[in-house]
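With numbering that gives the first Met the number 0, letter number 74 in the sequence shown gets 73, and the count goes up by one each step, no holes.
The C-beta atom is built at its ideal place from N, Cα and C for all residues, glycine as well.
What follows is a short report on a single structure.
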Amino acid sequence: MAAEQTPGLVHYLPIASTVLSAIFCSVLLRRWLVRRSGAHLLWWGIGIFFYGLGTGLESAITLFGNTAWLTKTWYVAGALLGGYPLAQGTVFLLLRWRTAWILTAITLPFLAVAATFVLLSPVDLAQLEAHRPSGSVLVWSWVRLLTPFINLYAVVFLIGGAILSSIRYARGRTAAHRARALGNASIAFGAILPGIGGSMAKAGLVEALYVGELIGLLFIWAGFALCVRAPMGAGASADAEARRTADDPAPAAA
0 MAAEQTPGLV HYLPIASTVL SAIFCSVLLR RWLVRRSGAH LLWWGIGIFF
50 YGLGTGLESA ITLFGNTAWL TKTWYVAGAL LGGYPLAQGT VFLLLRWRTA
100 WILTAITLPF LAVAATFVLL SPVDLAQLEA HRPSGSVLVW SWVRLLTPFI
150 NLYAVVFLIG GAILSSIRYA RGRTAAHRAR ALGNASIAFG AILPGIGGSM
200 AKAGLVEALY VGELIGLLFI WAGFALCVRA PMGAGASADA EARRTADDPA
250 PAAA
């Protein structure tokens with residue numbers, strides 16, 4: 000095991016992220032249950048669950064020490080599942096129902112295979128740090144080459160979808176349109192931060208990931224709240240118009 004390092008204040012940030020994720024997840028799933036529709040809400044709820052699971056594992060590593068299985072599970076929850084379900088939520092919100100299911104059928108098996116390889120990979124215990132998780136412990140280093148494909152998918156649909164929606168709403172003239180434009184911009188910015196932190200974590204600065212996760216979650220939640228609290232009234236969004244003219248049934252907007 001690598002030389003032990005005493006955890007600093009930043010190493011406890013995942014505890015706050017985990018608590019906020021649990022609350023946000025309950026908000027999303029409750030909204031899905033009340034509406035009894037909207038697959039995007041279910042996917043977002045699943046996404047925030049795994050987001051919180053990843054930060055929860057980071058918290059456990061800080062508080063109780065690291066193990067090979069904690070790090071492997073953290074890698075699956077964070078690097079593989081941290082953004083994918085959130086991206087799938089946007090896929091089900093913005094794309095046609097049939098297209099969303101086709102993308103799900105293509106990406107889920109790839110995700111399952113990648114997660115299996117991570118869990119089966121031998122571990123280099125010399126790289127295992129006492130209070131800091133890192134994918135560098137995986138002996139099958141080629142497994143880490145699979146994550147960029149999943150991350151790219153999340154960037155295109157989660158961040159790209161939020162930016163596209165923000166631009167579309169910004170063209171509206173009502174206060175509701177402006178609120179939703181700002182909300183989607185906030186979601187896009189919040190989704191970018193953990194990605195930046197994750198890139199820095201690969202370079203050995205996992206503390207940047209902890210900061211990015213917490214601030215990013217706050218921006219995503221704030222953006223969602225802005226969108227939900229902005230009644231559209233007669234000014235339907237461009238996305239809603241597109242869904243009404245689609246050949247396939249699609250979930251209702253958030």
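Beta carbon of residue i nearer than 7 angstroms to that of residue j
i      : j      : result
GLY51  : SER25  : no
GLN87  : TRP42  : yes
HIS39  : PHE91  : yes
PRO84  : TYR209 : no
ILE158 : LEU192 : no
ALA187 : ALA161 : yes
ASN65  : ALA129 : yes
ALA67  : VAL122 : yes
GLY53  : GLY81  : yes
THR70  : PRO132 : yes
SER135 : GLN126 : yes
VAL75  : ALA104 : no
ILE47  : PHE23  : yes
Own chain partners of residue i with C-beta closer than 6 angstroms, once the 5 adjacent residues on each side are dropped
i      : result
LEU137 : SER120
ALA184 : SER165
THR146 : ALA78
PHE116 : VAL142
ASP246 : Caution applies to ASP246, whose pLDDT of 35 falls short of 50 and renders its modelled position unreliable; the model cannot decide the point.
VAL205 : ARG131
Residue i: first and last residue of the uninterrupted alpha helix (DSSP H) it sits in
i      : result
SER25  : 12 to 34
THR103 : 96 to 119
VAL210 : 205 to 227
THR66  : It is not in any alpha helix (DSSP H) - THR66 carries neither H nor E in the DSSP assignment.
ILE158 : Neither: ILE158 is in no alpha helix (DSSP H) and is coded neither H nor E.
GLY88  : 83 to 93
ALA125 : No alpha helix (DSSP H) contains ALA125, which DSSP labels as neither H nor E.
ARG179 : 174 to 201
ALA153 : 146 to 153
Burial state of residue i (16 or more Cβ within 10 Å)
i      : result
PHE49  : buried
SER271 : Residue 271 lies beyond the range of the chain shown here (0 to 253); nothing can be said about it.
GLY7   : exposed
ARG5   : Note that residue 5 corresponds to Thr in the displayed sequence, not to Arg. By the neighbour-count rule (16 or more Cβ atoms within 10 Å), THR5 is not buried but exposed.
LEU156 : The sequence given here has Phe at residue 156, not Leu. Under this definition PHE156 is a buried residue.
THR244 : Note that THR244 scores a pLDDT of 33, beneath 50, so its modelled location is shaky; the value from the coordinates is reported in the next line. Exposed, since its Cβ has fewer than 16 Cβ neighbours within 10 Å.
PHE223 : buried
ILE149 : buried
TRP220 : buried
LEU27  : buried
GLY194 : buried
ALA174 : exposed
ALA202 : exposed
LEU151 : exposed
LEU144 : exposed
LEU216 : buried
ARG242 : Caution is warranted here: a pLDDT of 42 is assigned to ARG242, below 50, making its placement in the model unreliable, and the coordinate value is therefore given only provisionally. ARG242 should be labelled buried.
Cβ shell of residue i (< 7 angstroms), same chain only, five flanking positions each side left out
i      : result
THR72  : LEU56
ALA99  : VAL90, PHE91
TYR168 : HIS176, ARG179, ALA180, ASN183, SER236
VAL18  : none
MET199 : ALA207, LEU208
Own chain partners of residue i with C-beta closer than 8 angstroms, once the 5 adjacent residues on each side are dropped
i      : result
PRO248 : In this predicted model, PRO248 has a pLDDT of only 35, less than 50, meaning its place in the structure is not dependable; the value taken from the coordinates is given anyway. Cβ neighbours of PRO248 beyond the five flanking positions: TRP96.
Proximity test, residue i beta-carbon vs the ligand COA heavy atom, cut-off 6 angstroms
i      : result
ILE158 : Summarising the ligand content, the structure contains no ligands, and the ligand COA is consequently not present.
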